[in-house]
Amino acid sequence: MATSMHSPIPPVIEAPRSAPGRPRRGRTNTELYAWLFMRVSGIVLVVLVLGHLFIMNILDGGVQRINFAFVAGRWASPFWQVWDLLMLWLAMLHGTNGLRTIINDYTRRDGTRLALKGLLYTATTITIALGTLVIFTFDPKI
Amino acid sequence: MSSVAPSAPTNAKKRPAGTLYRGREGMWSWVAHRITGVLTFFFLFAHVLDTALVRVSPESYDKVIDTYKNPFVNLMEIGLVGAVLYHALNGLRIIAVDFWSKGARYQRQLLWAIVFVWVVVMVPGAFFMLKHSFDVMFGSK
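Protein chains in written order, with this note's numbering: chain A, 3 to 144; chain B, 19 to 159.
Now the structure itself:
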């Protein structure tokens, strides 16, 4: 680690996540798929979420024009229903996996980690279910 | 990643060894990515709940949406848009670092590029988002 103060040679940095001597825990590639999901969902969310923010907050008067009638007008179109449904699922799963990573990084006790993840997955399940239900059962003549 | 080491810093004398990443653009962009991601995710829970009120009654939905139109909450919305925009742009930078052969070498330049894009988008964006609040507070409406 300690290079000479005047040496132009950059310090040697170990390859990340190398665990010499520790056997692989399982045969699955869950973490690889989670990593890939963050990139793929991220690219889709750039379009869906930035489009959503632009339409809702900036375009044509922004948030001031939003009310029940505005929502009813949008969800009359299957295009916006699919947009919002896809955005809900991808954003929730992307955020859940992000927070899962953060919990794994910072919790030190197994009990804390388990409790926080349990809370996270419960909140995610309820929120995705509620949002999906609202989009599918929306009634403009309520 | 390949064994290409970032160019040795010219003022290496002032810094201890092993801080090519720590404390520089690479680290702070990562810190900001975590913070903006968590903030956005927590807002998302609240936002799904407030939108769910369309299933209760038009009145209850309109009432909760009125809070978004308050000038102070309006400022927080600019914070939210800024956070999401940073997270989106830096996410694209991360993808470039992971998949573009020269991404890791240019990660610092990529960060300053997305910061530039962020400013260019946020200045007019914040203007249009604040327009109504200004009109209400300073009397032209």
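Idealized CB from N, CA, C, for every residue including glycine. Since the structure is predicted, the reported quantities are computational estimates derived from the model, not experimental observations.
Cβ of residue i within 8 Å of any chain A Cβ
{"i": "P76(B)", "result": "yes"}
{"i": "K81(B)", "result": "no"}
{"i": "L129(B)", "result": "no"}
{"i": "V133(B)", "result": "no"}
{"i": "R126(B)", "result": "no"}
{"i": "S20(B)", "result": "Note on S20(B): pLDDT 46, under 50, position unreliable in the model; no value is reported."}
{"i": "M147(B)", "result": "yes"}
{"i": "Y86(B)", "result": "yes"}
{"i": "D68(B)", "result": "no"}
Own chain partners of residue i with C-beta closer than 7 Å, once the 5 adjacent residues on each side are dropped
{"i": "W37(A)", "result": "none"}
{"i": "V139(B)", "result": "L103"}
{"i": "V82(B)", "result": "D68 and L71"}
{"i": "M1(A)", "result": "Examination of residue 1(A) is not possible in this model, given that chain A is present from 3 through 144 alone."}
is_contact[residue i, chain B] using C-beta, thresh 8 Å
{"i": "V73(A)", "result": "yes"}
{"i": "V120(A)", "result": "Going by the sequence as given, residue 120(A) is Gly instead of Val. So no, G120(A) is outside the interface."}
{"i": "V136(A)", "result": "yes"}
{"i": "R29(A)", "result": "no"}
{"i": "V51(A)", "result": "yes"}
{"i": "L34(A)", "result": "no"}
{"i": "N59(A)", "result": "yes"}
{"i": "V48(A)", "result": "yes"}
{"i": "L90(A)", "result": "yes"}
{"i": "G44(A)", "result": "yes"}
{"i": "A78(A)", "result": "no"}
{"i": "T124(A)", "result": "no"}
{"i": "I105(A)", "result": "no"}
{"i": "N69(A)", "result": "yes"}
{"i": "G100(A)", "result": "yes"}
Where residue i falls: helix, strand or coil (DSSP)
{"i": "N99(A)", "result": "helix"}
{"i": "I83(B)", "result": "helix"}
{"i": "W85(A)", "result": "helix"}
{"i": "I144(A)", "result": "coil"}
{"i": "Y108(A)", "result": "helix"}
{"i": "A64(B)", "result": "helix"}
{"i": "R115(A)", "result": "helix"}
{"i": "W91(A)", "result": "helix"}
{"i": "M3(A)", "result": "At M3(A) the pLDDT is 44, less than 50, meaning the model places this residue with poor confidence and gives no usable figure here."}
{"i": "E151(A)", "result": "No information on residue 151(A) is available, as it lies outside the stretch 3 to 144 that chain A covers here."}
{"i": "G157(B)", "result": "coil"}
{"i": "I68(A)", "result": "coil"}
8 Å Cβ shell around residue i - same chain, five flanking residues per side excluded
{"i": "L88(A)", "result": "V46 and L50"}
{"i": "V115(B)", "result": "G121, A122, Q125 and L128"}
{"i": "L110(B)", "result": "I132"}
{"i": "P89(B)", "result": "S151, V154 and M155"}
Outcome for residue i when other beta-carbon atoms lying within 10 angstroms are tallied against a minimum of 16
{"i": "F59(B)", "result": "buried"}
{"i": "L61(A)", "result": "exposed"}
{"i": "D86(A)", "result": "buried"}
{"i": "E95(B)", "result": "buried"}
{"i": "V106(B)", "result": "For the record, residue 106(B) in the displayed sequence is Ala; it is not Val. By the neighbour-count rule (16 or more Cβ atoms within 10 Å), A106(B) is buried."}
{"i": "Y2(A)", "result": "Chain A is shown only over 3 to 144; residue 2(A) falls outside these bounds and no answer can be derived."}
{"i": "N31(A)", "result": "exposed"}
{"i": "L121(A)", "result": "exposed"}
{"i": "V84(A)", "result": "exposed"}
{"i": "A30(B)", "result": "Note that A30(B) scores a pLDDT of 49, beneath 50, so its modelled location is shaky and nothing firm can be said."}
{"i": "G64(A)", "result": "buried"}
Same chain, Cβ closer than 6 Å to residue i, neighbours up to 5 away in sequence not counted
{"i": "S79(A)", "result": "none"}
{"i": "P12(A)", "result": "none"}
CB contact check: residue i to chain D, cutoff 8 Å
{"i": "L62(B)", "result": "Among the chains of the structure shown, chain D does not appear; the protein chains present are A and B."}
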